[in-house]
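First comes the structure, then the notes that go with it.
Following this line, the structure appears as structure tokens:
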């Protein structure tokens, strides 16, 4: 099939038959050129015998979770209390979001060294060990806010009230401002 300059062809004059391409080079020559191209690959195992070429753990920087409802940052205090505060400099709002699988995270308070958890009543609290109550399904909503739904109790979300208290998961649901969080950098 020959292409000639004119309407709809964008000026292509090469052929498309057999072993030739539009560039006029034989297909085999072009494939060899691609095979020796500058594709960078990373080693699957490091040369020093470690398990991988990257350190274990999360690669994400600590975040602050800003709640659309009232403008509070989610806070996990050292005594396990979870609430919201507007003060950007509070060290207990620095959170590490660690992916456990695709779309699933555990949220750890960096200063408190506690994981965010939700019990069967929907109460939010900080615990020293990550349990099945600490896993949340993170979802980016159409308004660019994130929601965090309990994996163990799928009808309940992490949320804050207009006064900065945690909102019981049993009183949360899709579409509420209380469950919308904007992850922000925790760097000062």
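Residue numbers (full-length UniProt numbering): 1 to 188. Just so you know, even glycine gets a beta-carbon here, dropped at the ideal spot from N, CA and C. None of the values given here were measured: they were computed from a predicted structure.
Assigned exposure category for residue i - 16 Cβ within 10 Å defines buried
{"i": "residue 99", "result": "exposed"}
{"i": "residue 139", "result": "exposed"}
{"i": "residue 69", "result": "buried"}
{"i": "residue 150", "result": "buried"}
{"i": "residue 87", "result": "exposed"}
{"i": "residue 114", "result": "buried"}
Cβ-Cβ separation, residue j to residue i (assumed contact under 8 Å), whole Å
{"i": "residue 169", "j": "residue 145", "result": "That pair is no contact at about 17 Å."}
{"i": "residue 93", "j": "residue 64", "result": "5 Å"}
{"i": "residue 78", "j": "residue 112", "result": "5 Å"}
Euclidean distance between Cα positions of residue i and residue j
{"i": "residue 183", "j": "residue 143", "result": "13 Å"}
{"i": "residue 125", "j": "residue 118", "result": "6 Å"}
{"i": "residue 178", "j": "residue 159", "result": "5 Å"}
{"i": "residue 60", "j": "residue 101", "result": "14 Å"}
{"i": "residue 109", "j": "residue 122", "result": "19 Å"}
{"i": "residue 97", "j": "residue 106", "result": "6 Å"}
{"i": "residue 136", "j": "residue 157", "result": "8 Å"}
{"i": "residue 104", "j": "residue 181", "result": "15 Å"}
{"i": "residue 44", "j": "residue 83", "result": "Residue placement at residue 44 is poorly supported in this model, since its pLDDT is 43, which falls under 50; the coordinates are not used for a value here."}
{"i": "residue 164", "j": "residue 187", "result": "22 Å"}
Option in the options with minimal Cα separation from residue i
{"i": "residue 130", "options": "103, 181, 116 and 179", "result": "116"}
{"i": "residue 74", "options": "166, 171, 172 and 187", "result": "166"}
- Item | Complete runs of the beta strand (DSSP E) confined to the stretch 136-165 [at least 3 residues] | 146-150
- Message: Quick check on the DSSP output: what are the complete beta strand (DSSP E) runs of length 3 or more inside the stretch 49-109, in order along the chain?
- Response: 63-67, 73-76, 82-85, 95-101 and 104-109
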